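See structure below.
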Amino acid sequence: MIQRVRGFKDVLPPESDIFYQIEKTARETFETYNFKEIRLPTVEYFDLFVKSTGEETDIVKKEMYKFEDNSKRVLALRPEGTPGTVRAFIENNLNLKGNSHKYFYIGNMFRAERPQAQRYREFEQIGVEYIGNPSPYADAEIIILLDSILKKLNLNNLYRIEINSLGCQACRKKYKELIVSELKKLDLCQDCNQRISKNPLRVLDCKIDQDKFKNIPPIELCDECLTHHNLLKEALNANNITFIENKLLVRGIDYYTKTVFEFKMSSQSSQDAIAGGGRYDNLVKLMGGVNSPSVGWAMGVERVVSLMISKGYKENDNNLVFVVSLSSKQSKFCFKIINLLRNAGIKTDFSNFENSLKSQMRDANSNSARYAIIIGEDEEKTSKLTIKRLSDGKQQKMEINEIINKIKNGELIL
RNA sequence: GUGGCUGUAGCUCAACUGGCUAGAGCAUCCGGUUGUGGCCCGGAAGGUUGCGGGUUCAAGCCCCGUCAGCCACCCCA
């Protein structure tokens with residue numbers, strides 16, 4: 004028997020329904036905020052991610068599904084959505100098509116990490132990219148958008164928001180120089196020693212050496228970055244969004260500037276980030292497009308699913324009508340009734356007319372049907388069907404049109 | 001990627017220091033007289049103990065490998 008590949012998973016009912024509910028809620032919210040869907044390829048050139056996500060990031064260095072196709076092209080399964088979105092933006096000249104570039108995507112991403120609960124090699128991300136708006140209100144807008152989706156899913160109080168500012172290129176350059184000399188004086192772990200030259204800001208996020216950074220001053224933002232950051236915080240406060248400022252929040256992708264943020268679940272698991280994002284003012288230009296300061300985030304759908312399950316997800320009320328036959332003689336008639344109900348938009352099902360009535364009634368019950376319609380010789384002859392409410396066992400006889408009308412109008416009283 | 005724990009029926013688990021045809025609950029299926037589900041009762045089905053090798057008279061249990069899951073780290077969604 005050939006089994007699943009490590010780190011990949013089957014999503015089965017009823018869990019698959021939770022995915023659907025999250026996607027549906029996200030789509031409805033995106034519509035309110037005037038974000039449009041963009042659907043992108045799963046496969047891109049490997050170099051796209053090297054250039055955008057960053058050569059020195061863990062994502063590119065050790066987590067990418069990289070391969071050669073039959074024509075020796077070096078390709079990769081996408082590990083995140085932003086590079087593809089930016090590529091599509093530039094390649095399709097979207098900057099010339101309208102002046103609002105608010106996109107969302109829903110898609111699978113791939114990272115070859117060691118699997119763990121809530122950490123899979125293929126996972127689903129829902130993300131947004133707001134391209135070309137440098138305003139702190141764009142940052143605030145997408146943070147509130149994300150918060151709003153999670154609140155609609157009734158996940159209030161199950162997550163916290165952390166924000167930070169990494170500054171622009173100018174203030175970051177100054178800060179890097181400052182901390183590199185400070186960090187070199189310290190006795191750091193192996194990883195950190197390598198990071199000092201490649202990505203010194205990342206060192207500050209190290210959990211091993213955390214205690215040694217007490218004397219490292221936080222980044223000093225330039226006037227513009229500071230104003231941006233303050234406006235964002237004011238906008239969040241003014242709209243009752245609770246957040247924590249985390250000066251050590253750095254994030255593992257190279258293109259971020261100014262605002263970065265993470266939504267974390269309040270669990271003990273180390274897989275606690277349910278969404279993360281930030282501003283990337285230089286990326287579009289770096290990738291060959293016109294200068295377009297942008298901001299975005301991505302949400303890990305599996306992690307939101309696990310939050311929904313942990314708080315006790317309840318399925319929607321089941322309005323199912325289940326049709327059962329006394330014997331196989333009524334099969335044709337029953338099947339016709341079923342299709343009349345379905346054509347009227349009523350959720351209807353049946354199991355096997357060959358089975359005993361008892362067995363079919365058990366099927367109705369295990370499908371948590373609300374009503375059973377029982378059809379025997381009498382019902383077929385008189386066209387008056389027996390309808391039974393399964394919650395209390397009350398039943399009576401009615402014509403099919405009457406049943407349909409009463410169910411549709413919510414007037415079915417037995 | 002590093003270190004560790006685990007793997008018995010669909011699910012949750014049991015099987016003394018290696019010892020008879022590997023058990024139970026739940027779930028499933030059938031039945032409990034004439035056309036009625038849930039509760040209850042009776043019965044049935046379901047396992048090459050993840051897979052492969054080794055040690056032994058004998059392996060679910062010990063050893064090696066492998067696959068998978070989980071935990072911590074790393075990192076992130």
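Position one of the first sequence corresponds to residue 4 (this note's numbering), numbered consecutively onward.
Note that the Cβ used here is the ideal one computed from N, Cα and C, for glycine as well.
Only a predicted model underlies this, so the values are computations on that prediction, with no experimental measurement involved.
As a quick exercise: from the options, pick the residue whose alpha carbon is nearest that of residue i.
i: C225; options: K188, A241, R175, P296; result: R175
i: D61; options: H232, N408, L148, R205; result: R205
i: N160; options: T85, Y316, F266, Y133; result: F266
i: L289; options: G281, Y258, E237, D275; result: Y258
i: L252; options: K236, N233, P221, N240; result: P221
i: E383; options: V89, S328, F353, S394; result: S328
i: G101; options: H232, K39, G413, E223; result: K39
i: G110; options: T88, S103, N95, L97; result: T88
i: D284; options: K411, M4, D20, S55; result: S55
i: E405; options: F126, D352, L343; result: L343
i: Y316; options: A91, L156, P44; result: L156
i: R282; options: E380, N321, H231, S272; result: H231
i: S272; options: Y162, L181, K177; result: Y162
i: S331; options: S359, T351, A241, K339; result: S359
Would residue i pass as a contact of residue j if the rule is Cβ separation under 7 Å?
i: V304; j: I129; result: yes
i: C337; j: I378; result: yes
i: A278; j: M311; result: no
i: L78; j: V46; result: yes
i: Y48; j: A115; result: no
i: F356; j: S371; result: no
i: P17; j: F52; result: no
i: Y108; j: I152; result: no
i: A238; j: A143; result: yes
i: I341; j: V326; result: yes
i: I244; j: E165; result: no
i: N37; j: K105; result: yes
i: F33; j: L80; result: no
i: S309; j: Q121; result: yes
i: I145; j: V131; result: yes
i: G292; j: I93; result: yes
i: N374; j: R345; result: Note that residue 374 corresponds to Tyr in the displayed sequence, not to Asn. Taking 7 Å as the Cβ cut-off, Y374 and R345 do not qualify as a contacting pair.
i: I134; j: E185; result: no
i: W300; j: L149; result: yes
i: Q363; j: S354; result: yes
i: I407; j: A367; result: no
i: V307; j: S295; result: no
i: K409; j: L417; result: no
Can you tell me which residues form a DSSP beta bridge with residue i?
i: S297; result: I134
i: T260; result: R282
i: D352; result: F325
i: Y108; result: G130
i: Q268; result: One point to set straight first is that residue 268 is Met, not Gln, in the sequence displayed. In DSSP, M268 forms a bridge with Y162.
i: E402; result: K387
i: V46; result: L80
i: Q119; result: R122
i: F113; result: E125
i: K39; result: Y106
i: S168; result: T262
Can you tell me the Cβ-Cβ gap for residue i and residue j, rounded? I've got them flagged as a contact below 8 Å.
i: I376; j: V298; result: The Cβ separation is near 55 Å, so there is no contact.
i: Y123; j: F11; result: 7 Å
i: K400; j: L388; result: 7 Å
i: P203; j: K179; result: 5 Å
i: L169; j: K261; result: 6 Å
From which residue to which residue does the alpha helix (DSSP H) around residue i run?
i: T1; result: Nothing can be reported for residue 1, as the shown portion of the chain is limited to 4 through 417.
i: R392; result: It is not in any alpha helix (DSSP H) - R392 instead sits in the beta strand (DSSP E) that spans 387-392.
i: N240; result: 226-241
i: L310; result: 304-313
i: K366; result: Just to set this straight, residue 366 is Asp in the shown sequence, not Lys. Element bounds for D366: 360-369.
i: T85; result: 85-94
i: R345; result: 334-346
i: S151; result: 139-155
i: P220; result: First-last for P220: undefined, no H or E at that position.
In the DSSP assignment, find the unbroken beta strand (DSSP E) run with residue i in it and report its ends.
i: Y178; result: Segment 172-187 is the alpha helix (DSSP H) holding Y178; no beta strand (DSSP E) there.
i: V77; result: 77-80
i: I376; result: 374-378
i: K69; result: 68-71
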